[in-house]
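Single-structure report; data block below.
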Amino acid sequence: MTRNILWLLRGIAVAAFIAFAAIILLSINPVVWRLDGFAGPLTALVEFAGALRDGLSLLVAFFVFVAASFGALIDNIVSQQSFGVLFEQYYDAIAAYFQALGFTLPPLPIDLVIVEAVVTSLLQSVYFLGFQILLIIGLIAGVLSFLRVSGRLALLCFLSMTGIAILAAAGILLNLPGGEYGYLLAPVSTFPMPLNPTLWLFSSVFIVAIVSFLYLEVSYQVVYFNSLLEPPSIREEQLQQQLQHLQTDAQREIPVQSQDIPIPKALQRMLGSDAFRLMRQVIERKLLRREWLVELKDSHEIRRLNTFVSRVFREDPEAEAALTARAASPSIMRMTTLSIGSSLIRFTLVIIIAYICINPVIFLTLLGAPSIIIESVELWFLLEKVLIFLLPLVLLFPLVATLIGYIRQRRKQSTEETTSSSSQ
Amino acid sequence: MFSERGRAIVLIGIFVLVAGFAFTNYVLTLVGIFLIIGSVASSPFFQLTMPVETLEVTREIDKRNIFQDDFIHVKLTVKNTGSHRIDSVDIFDVYPEIFRLVLGKNSIRTRIDPKQEIKFSYIVQAPLRGKFTFGPTKFHIFDRLEYRFEEMSGENYEELLIYPNVQEVRIMESLAKKRRLGHMFGVHKTRQMSLGTDFTGIRRYEAGDEYRRIDWKSSARTQKLMMRQYETERNIRIFVILDTSQSMGAGRPENSKLEYAIRAALMLSKTAMERKDHVGILSWSSKQHAFLKPRLGEAHYHRLLDQLAEIEAGGSFDLTAAVKYLAPRVTQQSFFIILSDCEANRKQLEKGIKLIRGYKHNAIIIAPFGPWFEIEEIYLSPVERAIGEAIVHRLLEEHSVLAKSFQRVGVSLIQVGPGDFLPTVLSEYLKAKKRSIAVI
Chain A
85 MTRNILWLLR GIAVAAFIAF AAIILLSINP VVWRLDGFAG PLTALVEFAG
135 ALRDGLSLLV AFFVFVAASF GALIDNIVSQ QSFGVLFEQY YDAIAAYFQA
185 LGFTLPPLPI DLVIVEAVVT SLLQSVYFLG FQILLIIGLI AGVLSFLRVS
235 GRLALLCFLS MTGIAILAAA GILLNLPGGE YGYLLAPVST FPMPLNPTLW
285 LFSSVFIVAI VSFLYLEVSY QVVYFNSLLE PPSIREEQLQ QQLQHLQTDA
335 QREIPVQSQD IPIPKALQRM LGSDAFRLMR QVIERKLLRR EWLVELKDSH
385 EIRRLNTFVS RVFREDPEAE AALTARAASP SIMRMTTLSI GSSLIRFTLV
435 IIIAYICINP VIFLTLLGAP SIIIESVELW FLLEKVLIFL LPLVLLFPLV
485 ATLIGYIRQR RKQSTEETTS SSSQ
Chain B
814 MFSERGRAIV LIGIFVLVAG FAFTNYVLTL VGIFLIIGSV ASSPFFQLTM
864 PVETLEVTRE IDKRNIFQDD FIHVKLTVKN TGSHRIDSVD IFDVYPEIFR
914 LVLGKNSIRT RIDPKQEIKF SYIVQAPLRG KFTFGPTKFH IFDRLEYRFE
964 EMSGENYEEL LIYPNVQEVR IMESLAKKRR LGHMFGVHKT RQMSLGTDFT
1014 GIRRYEAGDE YRRIDWKSSA RTQKLMMRQY ETERNIRIFV ILDTSQSMGA
1064 GRPENSKLEY AIRAALMLSK TAMERKDHVG ILSWSSKQHA FLKPRLGEAH
1114 YHRLLDQLAE IEAGGSFDLT AAVKYLAPRV TQQSFFIILS DCEANRKQLE
1164 KGIKLIRGYK HNAIIIAPFG PWFEIEEIYL SPVERAIGEA IVHRLLEEHS
1214 VLAKSFQRVG VSLIQVGPGD FLPTVLSEYL KAKKRSIAVI
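Chains as they are written, first to last, in our numbering: chain A, 85 to 508; chain B, 814 to 1253.
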């Protein structure tokens, strides 16, 4: 029964994973899935290195080239100026510094157009390769997460798949051909959110976001069920096996030691020869610690443990259930019902709060905020508007929790004080 | 407080939210909001359902006093007396670190509904004698998704007294039952010549012999004065002085000189009491730890067990102080068996022995030789071995000087290793009994 439930839960986790992966992949422009680009820049780099002169200047020039490329690239992203012009400026500036130190650097050895092509191509390659790497990590982590029922792997999968979405959205900054507006498909990119709650619930943005969130929640729910249901059954199986081994091993013969050791006369007289043999075994076992004695000690211990366990089971009818922790296993039906119920309440609460945050205009109107705020351009077009309600609400929950904790702790303390004063 | 997972979710939520802002993307913003709200929304409910006063835990231990190497069945009962369920709780019962868990587990993860009671148990083995404490029981309470957790601790402690290993004594007892006549049959007599009624033989007259014991027939036959010799059963008084200094506890806890000395003392006490000899004990380092006057009987043996169970090594051994402590308490002549590694101040040892002799007691020192106990089964590098050998030589020399010094006042020092500790103690006891030392 427990096993079947656990497999069913894994099935649900698989379904959530497939839905999550599919919806993320369907939201991404398929042009990002390409592996070309590395051959070009590599060849260009080799050609560039060959064009440089020998000696120390080669290394310095290479360093200057890399530094200038990096500086120009960053500047290019920020200021949107021509890469070639920026590169030339950077190259000249850094080269001047090294020339002041005594290095004779060659003039800019290759055509700037080639340099720009090399850097852009390299950047594109790394960028597009990122999608593939994240996808591979996400898929592997996702598959492993439901095979091993691991929360960490589920989180890694979530991070990787969300990373793909973030990378696709980040395309907007890199000014790559075809990615001027990022690589997320139009319905889920910068599409404005509808104000109407019903429309909002059925919008592509909401569906993609809620499926992503659901994947994580469902995975953690499965981990929760698994952590409560699997260990008791494993524990019971293991203990039954241990008890069986205990009984089998306890019936084994104790090996008899044939090697003689000198026997003190006084002890011989005191115990007699038979008695001494047993006595000697005991002393040897305790004191000499030879290899074969370890085995002897083990069998002896096992026999004693078996006797002890048999006595415990005889005297306490509940002992076996307690030892296997069978009595501590939670009821699956009750657990499932309550978990589904509380999860639904939780989802509803999260969705309502998210709606309040994402559409603050409605609630600001309801709260009677001045029209200058409600009609402001920022409130309608800037995404940061979500912070108006998000920040207070996010801080409100821990605050309430802290207050509850404080009140309960105070109550506990006063109860303890009352108890101690009444006992005195 | 947030668990590791909760913190990760909040951080990821903030990251995704900021990414949404940076790239003006509603999906990322909404995912970020879901993650952040999802991780904090349950905080008040979690705090409300925390079983601050409602989690009751009881621990049942089948025996309070057991012997070393015995097993203990520990049963935990945890009851949620409150009206809220606990979704996920890790219960961890703390047992003494030195104990071995042999069956079951001392922890469990479960869920407890209101008014529900759960039970689990485990079996541990006590490998060392002493006083040990079970507890507390620790609780890690999580919410269902493990975003938040709180630690609680049930202040329930149980003390357990572990008596020294008496396996040798048990074997002796079982043999005694088998032989019916008693395992001391034939060896428990202390010969007190010329007294008693049991005729043992005839010997030549010595000055001071009683005339009434002259055997006239054999005197006539041999033309020399011959005496009839009788013997009687007499018991002796033994007193064990146990050195509990720091050096006696060196090495592995279960194989230290002190452990062997305690087992030897127990074995000796049991054997001697079986033969109706009186046994007393004093455990001493720089001060007294346990003291029992020489007596016999089952109750005395159990008191001895209790006292030996609680001995701990510490301080330095001062034999002179020990003898001074004993002088007014043990006034009758006794046979002192001193179990000490003799690594204390030499002058104090010599003075102590002289004092013992001065009070007309007999004594013997059985000295467990440190290196034979402490370097067992330990791999030593050549340098360490050389240092070890130097220490051994130095100790041997010191013991040799001490032995000579003790010999002058008629006290022997016998060096023993793990293999011959118990047999030597028993053999010296039997010798003393045979020689009628310290008869009652």
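C-beta atoms are modelled at their ideal positions from N, C-alpha and C, and glycine is treated no differently.
Euclidean distance between Cα positions of residue i and residue j
| i | j | result |
| --- | --- | --- |
| B/Ile-925 | B/Glu-866 | 15 Å |
| B/Pro-909 | B/Val-870 | 18 Å |
| A/Thr-282 | A/Arg-87 | 40 Å |
| B/Ala-1103 | B/Ile-1124 | 8 Å |
| A/Ala-249 | A/Ile-112 | 7 Å |
| A/Ala-350 | B/Leu-1239 | Residue placement at A/Ala-350 is poorly supported in this model, since its pLDDT is 49, which falls under 50; the coordinates still yield a value, given next. The straight-line gap from Cα to Cα measures roughly 8 Å. |
| A/Ile-161 | B/Asp-900 | 50 Å |
| B/Arg-942 | B/Gln-929 | 38 Å |
| A/Ile-488 | A/Leu-466 | 36 Å |
| B/Gly-851 | A/Arg-94 | 22 Å |
| A/Phe-167 | A/Leu-257 | 15 Å |
| A/Leu-260 | A/Gln-208 | 7 Å |
| B/Val-831 | A/Gln-165 | 26 Å |
| A/Ile-436 | A/Leu-479 | 17 Å |
Neighbouring residues, chain B, relative to residue i (Cβ below 8 Å)
| i | result |
| --- | --- |
| A/Gly-235 | Arg-818, Glu-959 |
| A/Arg-418 | Asp-926 |
| A/Pro-315 | Ile-921, Arg-922 |
Contacts of residue i in chain B (Cβ-Cβ under 7 Å)
| i | result |
| --- | --- |
| A/Leu-213 | Correct list: empty, because the minimum Cβ distance to chain B is about 20 Å. |
| A/Glu-264 | The premise fails here: A/Glu-264 is roughly 13 Å from chain B at the closest Cβ pair, so nothing lies under 7 Å. |
| A/Gly-222 | Chain B residues near A/Gly-222: none, gap ~14 Å exceeds 7 Å. |
| A/Met-277 | Tyr-839 |
Residues near residue i in its chain [Cβ-Cβ closer than 8 Å; skip 5 each side]
| i | result |
| --- | --- |
| A/Ile-458 | Val-445, Leu-448, Thr-449 |
| A/Arg-319 | Thr-408, Ala-409 |
| B/Arg-1017 | Lys-1037, Leu-1038, Met-1039, Met-1040 |
Spatial neighbours of residue i in its chain, beta-carbon cut-off 7 Å, leaving aside the 5 residues before and after
| i | result |
| --- | --- |
| A/Ala-97 | Phe-230, Val-302, Ser-303, Val-306 |
| A/Pro-100 | The displayed chain sequence assigns Ala, not Pro, to residue 100 of chain A. Cβ neighbours of A/Ala-100 beyond the five flanking positions: Leu-298, Tyr-299, Val-302, Ser-303. |
| B/Asp-1028 | Ile-1015, Met-1039, Met-1040, Arg-1041 |
| B/Ala-1135 | Ile-1054, Leu-1095, Trp-1097, Gly-1165 |
| A/Gln-493 | none |
| A/Arg-353 | For A/Arg-353, the predicted model reports a pLDDT of 47, less than 50, meaning its position is unreliable and no value from the coordinates is stated. |
| B/Gly-895 | Pro-864, Thr-867, Pro-927 |
Cβ-based burial, residue i [other Cβ within 10 Å; buried from 16]
| i | result |
| --- | --- |
| A/Ile-429 | exposed |
| B/Gln-881 | buried |
| A/Met-417 | exposed |
| B/Arg-1076 | buried |
| A/Val-461 | exposed |
| B/Asn-978 | buried |
| A/Asp-344 | A caution first: A/Asp-344 carries a pLDDT of 45, below 50, which makes its placement in the model unreliable, though a value can still be read off. That one is exposed. |
| B/Gly-1064 | buried |
| B/Thr-1237 | buried |
| B/Thr-862 | buried |
| B/Asp-1011 | exposed |
| B/Met-1061 | buried |
| A/Pro-476 | exposed |
| B/Leu-914 | exposed |
Contact set between residue i and chain A, taken where Cβ atoms lie within less than 7 Å
| i | result |
| --- | --- |
| B/Ile-931 | Ala-411, Ala-412 |
| B/Phe-834 | Leu-467, Glu-468 |
| B/Ala-1077 | By Cβ distance, chain A contributes nothing, its closest Cβ being about 11 Å from B/Ala-1077, past 7 Å. |
Contact list for residue i against chain A, beta-carbon separation under 8 Å
| i | result |
| --- | --- |
| B/Ala-854 | Arg-430, Leu-433, Val-434, Ile-437, Phe-481 |
| B/Phe-859 | Ala-485 |
| B/Thr-842 | Ile-442, Leu-467, Val-470 |
Residue i: contacting residues in chain C (beta-carbon distance under 8 Å)
| i | result |
| --- | --- |
| B/Val-829 | Among the chains of the structure shown, chain C does not appear; the protein chains present are A and B. |
Close beta carbons around residue i, own chain, < 6 Å, minus the five adjacent residues each side
| i | result |
| --- | --- |
| B/Val-844 | Val-829 |
| B/Glu-972 | Thr-946 |
| A/Ile-221 | Ser-244 |
| A/Pro-316 | Ala-409, Ser-413 |
| B/His-897 | Thr-862 |
Residues sharing a beta bridge with residue i, DSSP
| i | result |
| --- | --- |
| B/Met-1039 | B/Arg-1017 |
| B/Trp-1097 | B/Asp-1056, B/Gln-1101 |
| B/Arg-1050 | B/His-1091 |
| B/Arg-913 | B/Gln-938 |
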